[in-house]
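Asker: Its first residue numbered 1, the sequence shown is counted upward by one per residue in the numbering used here. Idealized CB from N, CA, C, for every residue including glycine. No experiment lies behind these values; they were computed from the predicted model shown. Dropping the structure in here first, questions after.
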Amino acid sequence: MEDVDRSSAEALSASGARRFDTVFAAVVPAATPGLITTSLFAFEKAIRSSVVLGLVGAGGIGLELQSLMNWMAYDRAMVIIGMIFALVLVVEQLSSYFRKMVMKNEQ
């Protein structure tokens, strides 16, 4: 929000718009691409982190993987690793697609 061009907000304020109207007519639309991109990045990071946290005992996908490795059920563990890899790839591709759409609409 700090990097948003303030010229449109200043123009609205100068023309007599209320602060609420200025924020929602100028600041929010200008900040939306950055907010979407940051949110998608945080979502990707959360998925990756959940696996690591599970491996150290916090639960989730990684805990199941750790259990299978302890039981030496490597065939099942490889299936989970493949699913995690596929999930991360799908999320990355969707995120990349949405970022491109946002950046294209921004220009």
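With distance defined between alpha-carbon atoms, name the residue in E44, D5, E10, V28 nearest to A86.
Answerer: Nearest of E44, D5, E10, V28 to A86, Cα basis: E44.
Asker: For the alpha helix (DSSP H) that F24 lies in, which residues bound it at each end?
Answerer: Where F24 is concerned, there is no enclosing alpha helix (DSSP H), given that its DSSP letter is neither H nor E.
Asker: Give every residue of the same chain whose Cβ lies closer than 8 Å to the Cβ of E92, excluding the five residues on either side of it in the sequence, and list them in chain order.
Answerer: Cβ within range, chain order: E44.
Asker: Put M72 into one of helix, strand or coil per three-state DSSP.
Answerer: Note: M72 maps to coil in three-state DSSP.
Asker: Once DSSP output is grouped into helix, strand and coil, what is the label at A11?
Answerer: Reduced to three states, the DSSP call for A11 is helix.
Asker: So for R6, helix, strand or coil by DSSP?
Answerer: R6: coil per DSSP, three-state reduction.
Asker: In whole angstroms, what is the alpha-carbon distance linking S50 and A58?
Answerer: Cα to Cα, S50 sits roughly 9 Å from A58.
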